[in-house]
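Visitor:
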Amino acid sequence: AAKKAAEEAAAKKAAEAAAAKKAAEEAAAKKAAEEAKAKKAAEEAAAKKAEEQARIIKAAEKAAEDAVAAKKAAKAAEDAAAAKRAAEEAALKKAAEEEAAKKAKEAADKKAADEAVAAAKKAAEEAAKKELEKEKKAKAEGSRIDAAADIAAKNIKLEEEAIKRAEEELKIQLQVEKANKAAEEEFKKKQEEATKKAEEAKEALLRSGAEFVSNEEFEKIKAEQKLKESAPAGA
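When you number the sequence shown by my numbering, it's gap-free, plus one each residue, and the end is 311.
1. Per the contact definition of three or more C-beta pairs closer than 8 Å, is the region 208-220 in contact with the region 136-145?
2. Give me the Cβ distance between Ala146 and Ala228, rounded to the nearest whole Å; I'm assuming they're in contact under 8 Å.
3. Is the beta carbon of Ala112 less than 8 Å from the beta carbon of Asn256?
4. Can you tell me whether Ala90 is buried or exposed, with buried defined as 16 or more other CB within 10 angstroms of its CB?
5. Out of Lys79, Ala163, Glu84, point me to the one whose CA is closest to Ser306's CA.
6. Can you tell me whether Ala158 is buried or exposed? The criterion is at least 16 other CB atoms within 10 Å of its CB, across all chains shown.
7. Could you tell me the alpha carbon to alpha carbon distance between Ala108 and Glu295, rounded to whole angstroms?
8. Count the C-beta pairs between the region 123-130 and the region 245-252 that are closer than 8 Å, then say yes if the count reaches three, no if not.
9. Answer yes if the region 256-276 comes into contact with the region 151-169, meaning at least three C-beta pairs across the two stretches below 8 Å, and no otherwise.
10. Candidates Glu92, Ala150, Lys151: which alpha carbon is nearest Ala280's?
11. Would the beta-carbon of Glu101 be found less than 7 Å away from any heavy atom of the ligand FAD?
12. Please go through the same chain and pick out, in chain order, the residues whose beta-carbon is closer than 6 Å to the beta-carbon of Lys98, but skip the five residues on each side of it.
13. Tell me which same chain residues have a C-beta within less than 7 Å of the C-beta of Lys206, skipping the five on either side of it?
14. Judging by CA-CA distance, which residue of Ala216, Ala277, Glu253 is the nearest neighbour of Ala121?
15. Using 8 Å for Cβ pairs, my map puts Ala143 next to Asn231. What's the rounded Cβ distance?
16. How big is the Cα-Cα spacing for Ile132 and Glu102?
17. How many angstroms separate the CA atom of Arg220 from the CA atom of Glu202?
18. By a C-beta neighbour count over all protein chains shown, 10 Å radius and 16 as the cutoff for buried, is Glu235 buried or exposed?
19. Along the chain, which unbroken stretches of the beta strand (DSSP E) at least 3 residues long are found entirely within the region 87-169?
20. Could you tell me the distance, in whole angstroms, from the CA atom of Ala258 to the CA atom of Ala223?
21. Hey, Lys179 and Ala204 are a contact pair by Cβ (cut 8 Å); roughly how many whole angstroms apart?
22. Using the Cβ count rule (16 or more neighbours within 10 Å means buried), how would you classify Ala100?
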């Protein structure tokens, strides 16, 4: 009976040691899986933020290019309008001078003079009409230039807003990376603590004289123990 009790105690002790070892191994495997999952999530988040930041920067650069192009277009339109006005004024002046010279030559007598007066009056009316049309065109051209300037100003504002958004996104990304780093360090610390506790438990079991056995040996010991417990007392 003493031998049987010793064997049962040894079997129980071995079973407990095997269970403790198995639990420690499972805990370590679980911690490693959790660490890999957390690291993968952090990498995916960082990649997503980097992609979004690149998209925002590209949009800001495009807005800046559009603003510069709009400024150039507005300047070119203004220069073209000025050149056109100068050409029209020169043409009108030349035409008026030629017309005046022609009419002066034709006005050799009174009849010619009367005709010259009538022609000059008509020319003046036509010149006034042309001048009015010129002013209308100038006003329309000025409106187009003003519209181009407004567009350029809006594009500049959009560029400034895009740059501001890019700076805010970068700030958020840095905060996320800092938080991820802190979480990773905390997770690593907890894993090291768990590993340390598992090692301490293992050392405690070794100091107590327990022996670690494989899962097959553990199942075999359990079967033998169960067989012994089911056997008759006098056997």
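Even glycine gets a Cβ: it sits at the ideal position worked out from N, Cα and C.
Guide: On the basis of the data shown:
1. Because the criterion of three Cβ pairs below 8 Å is not met, the region 136-145 and the region 208-220 do not touch.
2. About 4 Å separates the two Cβ atoms, so the contact holds.
3. Contact: no.
4. Buried, because 16 or more other Cβ atoms sit within 10 Å of the Cβ of Ala90.
5. Closest by alpha carbon: Glu84.
6. Counting the other Cβ atoms within 10 Å of the Cβ of Ala158 gives fewer than 16, which makes it exposed.
7. It is roughly 27 Å from the alpha-carbon of Ala108 to the alpha-carbon of Glu295.
8. Yes, they touch.
9. The region 151-169 vs the region 256-276: no contact.
10. Glu92 is the residue among Glu92, Ala150, Lys151 whose C-alpha sits nearest the C-alpha of Ala280.
11. Ligands displayed in this structure: none; no statement on the ligand FAD is therefore possible.
12. Cβ neighbours of Lys98 beyond the five flanking positions: none.
13. Cβ within range, chain order: Leu168.
14. Proximity to Ala121 across Ala216, Ala277, Glu253 peaks at Glu253, based on C-alpha coordinates.
15. Approximately 4 Å separates the beta-carbon atoms of Ala143 and Asn231; this is inside 8 Å, confirming the contact.
16. In a straight line, the C-alpha of Ile132 is about 45 Å away from that of Glu102.
17. Between the alpha carbons of Arg220 and Glu202 lies a distance of about 27 Å.
18. So Glu235 ends up on the buried side.
19. Listed in chain order, nothing qualifies, since the region 87-169 has no complete beta strand (DSSP E) run of 3 or more residues.
20. Our two residues, Ala258 and Ala223, have alpha carbons roughly 53 Å apart in a direct line.
21. 17 Å between Cβ atoms; not a contact.
22. Burial call: buried.
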